[in-house]
Ligand code: SF4
Ligand code: SF4
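Residue numbers (my numbering): 4 to 175.
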């Protein structure tokens, strides 16, 4: 069997001449590329201090909407969950009790409403399916986190907060 060294490409071992030792052509070529890029418009921005404008069709975090009197619009009909291709929405319906008309617009409401942002693909089908204009997608995205449970958005995070209420949804 032929030895590996016999098949190796011969290496040019002649000593370098003066110009080759200076590496000047290579240095000038590199400097020219650097200078060319110094005067070009930067491709990057200082995120998060600077942010790029979203595309007009961008779809981000969902919001659960209220009506003009501050009542929850969602009637827990479940159409958004059925339309959701990622099965990211879970909810539990409840009956409105007498005296709760100022809280919920219809006889039924969502006692629990959750969206798993790790499953959501922000397709917007939930918004399209909703007959009550109760859910829509906004121009923001879920803040990053190392904890998976931080991406489960409950009703308290999705619903537009009443004055004084807290939410983790920056657009709500
Ligand atoms: S945007 Fe799409 S994937 Fe996300 S919750 Fe709505 S229907 Fe599901
Ligand atoms: S958000 Fe709209 S579609 Fe979804 S359960 Fe509520 S009312 Fe129905």
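Every residue gets a Cβ at the ideal spot worked out from N, C-alpha and C, and that includes glycine.
(message) If distances are taken between C-alpha atoms only, which option among 147, 143 and 83 comes closest to residue 59?
(response) 143
(request) Would you grab the beta carbon distance between residue 99 and residue 112 for me? Rounded to a whole angstrom, and I think it's under 8 Å. (result) 6 Å
(message) Any residue with its Cβ nearer than 7 Å to a heavy atom of ligand 3 should be included. What is that list in chain order?
(response) The ligand content of the structure shown is limited to ligand 1 and ligand 2, which means ligand 3 is not among them.
(message) When you measure from the CB of residue 91 to every non-hydrogen atom of ligand 1, does any distance come out below 8 Å?
(response) yes
(message) Please classify residue 5 as buried or exposed, where buried requires at least 16 neighbouring CB atoms within 10 angstroms.
(response) Note on residue 5: pLDDT 48, under 50, position unreliable in the model; no value is reported.
(request) Just the C-alpha distance for residue 164 and residue 130, rounded to the nearest angstrom, thanks. (result) 19 Å
(request) Using alpha carbons as the reference points, say which of 56, 122, 95 and 70 lies closest to residue 151. (result) 122
(request) Compute every distance between the C-beta of residue 127 and the non-hydrogen atoms of ligand 1, then say whether any falls below 8 Å. (result) Yes, the Cβ of residue 127 comes within 8 Å of a heavy atom of ligand 1.
(message) Does residue 23 come out as helix, strand or coil in the three-state DSSP assignment?
(response) helix
(message) Please report the distance separating the alpha-carbon of residue 119 from that of residue 97.
(response) 21 Å
(message) In whole angstroms, give me the CA-to-CA distance for residue 22 and residue 57.
(response) 52 Å
(message) List, from N- to C-terminal side, the alpha helix (DSSP H) runs of 4 residues or more that fit wholly inside the region 28-77.
(response) none
(request) Select from 86, 69 and 108 the residue whose C-alpha is nearest the C-alpha of residue 132. (result) 86
(message) At a cut-off of 8 Å, would you count residue 62 as near ligand 1, judging by its Cβ distance to the nearest heavy atom?
(response) yes
(message) Quick check on the burial criterion: 16 or more other C-beta atoms within 10 angstroms. Buried or exposed for residue 47?
(response) exposed
(request) Indicate the three-state DSSP secondary structure (helix, strand or coil) for residue 165 in the structure shown. (result) Correct three-state label for residue 165: coil.
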